[in-house]
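Here is the structure we will look at, set down as structure tokens.
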């Protein structure tokens, strides 16, 4: 009996989770990168918390974006090299669902830990405790949107031998709106304003990503396998 | 049942496949031979639909395979150069996921397939600890479990010892006896009865 599409996605997700926990170094590296970037700023800029607070949204979101680019390298590359993606494409099942599952797990093991550990870095940048829940919420949504847009670029650069640079170039323009609204949300949270407007926009980008990115990534991967 | 008609394919500026035409009926095995670089793997990938030919078409059950890709793929098992196994999973886990995404499979079936390919003793070890030949045996168990009608095998005996090569021939003979089809790229012929074989020689380009 042919496996139903939702079960396929669930199997792919379970497999990727299991692999992620057997090889945690790949996940810790982007997180370490984020923490190092965010904590080096106070050392080089100024010890004055009021001035650090002004640059904190920018530092946190640029750090998050760069760290997600670093993590994107691991999204499809290994599966492409060992022939797993080929088998996915030849399974007679929806490649869109499988890549959606892969992208969600990727977010779960890179984006979520980053969002949850962001308050630590934010504290070093003088962000008040009252802004932390908003920061976590914005980063959760923003990192999911980044993973989804990144999946398209990761699929497109599969065929390129040294795709790393190309991957960044393709992903950055797509991520700029996320960066702008995310940093704005954090800025408002620090000032004590409502972040609803920014969150709606981030949510809209994420929903657009959930509906279109897996389709685009599947098409890109099929081309990349040629 | 599988018809390849006038397949032309270019890789970069090399005209690799020049009008390849053949036909495989149920119970027959097409053996692709030719020198290194003659395009054996390219042809297999084109049949599977991983490569799009510039000209010509692959038909399955009388209809273009490209038209009903998912239905064609669910009847196809492809064993490539890479065994498509994850080093950080055991052989059994690998099969549970890779076969599971194709069809519902239970543990007993996996155990039986591992036993059939002589991989029962190392099926629970992490794949990165295994030798290339042992990985091949696990990949072969995956081909068995796929329950496919058409097997596309790229150098199935690579890295296998004499026993393993005999095993591939036995598995292939069983599959053909069940009216299965095989297209295999090989350097040395598979020891199968000659009435079951269709020889296809690819000219070097």
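Residue numbers (this note's numbering), protein chains in the order written: chain A, 401 to 626; chain F, 3 to 207.
Backbone N, C-alpha and C define an ideal beta-carbon position, used for all residues, glycine too.
Just so we're clear, the structure is a prediction, and the values are computed from it rather than from any experiment.
Residue environment, residue i, which counts as buried when at least 16 other CB atoms sit within 10 Å
| i | result |
| --- | --- |
| residue 106 of chain F | exposed |
| residue 136 of chain F | buried |
| residue 487 of chain A | buried |
| residue 8 of chain F | exposed |
| residue 38 of chain F | exposed |
| residue 75 of chain F | buried |
| residue 99 of chain F | buried |
| residue 446 of chain A | exposed |
| residue 592 of chain A | exposed |
| residue 163 of chain F | exposed |
| residue 201 of chain F | exposed |
| residue 503 of chain A | buried |
| residue 425 of chain A | exposed |
| residue 176 of chain F | exposed |
| residue 563 of chain A | buried |
| residue 134 of chain F | exposed |
| residue 459 of chain A | buried |
| residue 506 of chain A | buried |
| residue 21 of chain F | exposed |
| residue 23 of chain F | exposed |
| residue 26 of chain F | buried |
| residue 479 of chain A | buried |
Partners in chain A for residue i, counting only beta-carbon separations shorter than 8 Å
| i | result |
| --- | --- |
| residue 103 of chain F | 403, 408, 411, 412, 488, 491, 493 and 498 |
| residue 173 of chain F | None at all; the shortest Cβ gap to chain A is about 19 Å. |
| residue 100 of chain F | 484 and 487 |
Contact list for residue i against chain A, beta-carbon separation under 7 Å
| i | result |
| --- | --- |
| residue 75 of chain F | 490, 491 and 492 |
| residue 133 of chain F | Those within 7 Å of residue 133 of chain F in chain A number zero; the least Cβ separation is about 16 Å. |
| residue 106 of chain F | 401 and 403 |
Distance between beta carbons of residue j and residue i, contact taken as under 8 Å
| i | j | result |
| --- | --- | --- |
| residue 124 of chain F | residue 144 of chain F | Going by Cβ atoms, the distance from residue 124 of chain F to residue 144 of chain F rounds to 15 Å, so no, they are not a contact pair. |
| residue 627 of chain A | residue 582 of chain A | Residue 627 of chain A is absent from the model: chain A starts at 401 and stops at 626. |
| residue 412 of chain A | residue 498 of chain A | 5 Å |
| residue 554 of chain A | residue 567 of chain A | 6 Å |
| residue 544 of chain A | residue 606 of chain A | 5 Å |
| residue 509 of chain A | residue 420 of chain A | 5 Å |
| residue 187 of chain F | residue 78 of chain F | Contact flag wrong, Cβ pair sits at about 15 Å. |
| residue 577 of chain A | residue 496 of chain A | Rounded, the Cβ-Cβ distance is 23 Å, inconsistent with contact. |
| residue 513 of chain A | residue 440 of chain A | About 20 Å; that fails the 8 Å criterion. |
| residue 470 of chain A | residue 433 of chain A | 6 Å |
| residue 71 of chain F | residue 44 of chain F | Actually they do not touch by this definition, with Cβ atoms about 19 Å apart. |
Under 8 Å between C-beta atoms of residue i and residue j
| i | j | result |
| --- | --- | --- |
| residue 30 of chain F | residue 169 of chain F | no |
| residue 374 of chain A | residue 575 of chain A | Past the boundaries of the shown model lies residue 374 of chain A; chain A is included only from 401 to 626, so the question cannot be answered. |
| residue 185 of chain F | residue 34 of chain F | yes |
| residue 86 of chain F | residue 416 of chain A | no |
| residue 484 of chain A | residue 102 of chain F | no |
| residue 183 of chain F | residue 11 of chain F | no |
| residue 104 of chain F | residue 491 of chain A | yes |
| residue 477 of chain A | residue 91 of chain F | no |
| residue 204 of chain F | residue 626 of chain A | no |
| residue 128 of chain F | residue 81 of chain F | no |
| residue 674 of chain A | residue 624 of chain A | Residue 674 of chain A falls outside the range modelled here, since chain A spans only 401 to 626, and no answer is possible. |
| residue 537 of chain A | residue 599 of chain A | yes |
| residue 500 of chain A | residue 619 of chain A | no |
| residue 457 of chain A | residue 590 of chain A | yes |
| residue 522 of chain A | residue 540 of chain A | no |
| residue 147 of chain F | residue 111 of chain F | yes |
| residue 511 of chain A | residue 468 of chain A | yes |
| residue 139 of chain F | residue 166 of chain F | yes |
| residue 194 of chain F | residue 174 of chain F | yes |
Partners in chain F for residue i, counting only beta-carbon separations shorter than 7 Å
| i | result |
| --- | --- |
| residue 625 of chain A | 52 |
| residue 423 of chain A | 90 |
| residue 415 of chain A | 99 |
Partner residues on chain F for residue i, Cβ-Cβ distance less than 9 Å
| i | result |
| --- | --- |
| residue 419 of chain A | 88, 90 and 91 |
(request) Could you list the residues in the region 57-86 of chain F with a C-beta less than 9 Å from some C-beta on chain A, going in chain order? (result) Answer in chain order: 71, 72, 73, 74, 75, 76, 77, 78, 79, 80, 82, 83, 84, 85 and 86.
(request) Report the residues of the region 550-581 of chain A with a CB closer than 9 Å to any CB of chain F, ordered along the chain. (result) Within the region 550-581 of chain A, no residue has a Cβ lying closer than 9 Å to any Cβ of chain F.
(message) Using a Cβ-Cβ cutoff of 8 Å, what residues of the region 581-605 of chain A are near chain F? List them in chain order.
(response) Result list empty, no residue passes.
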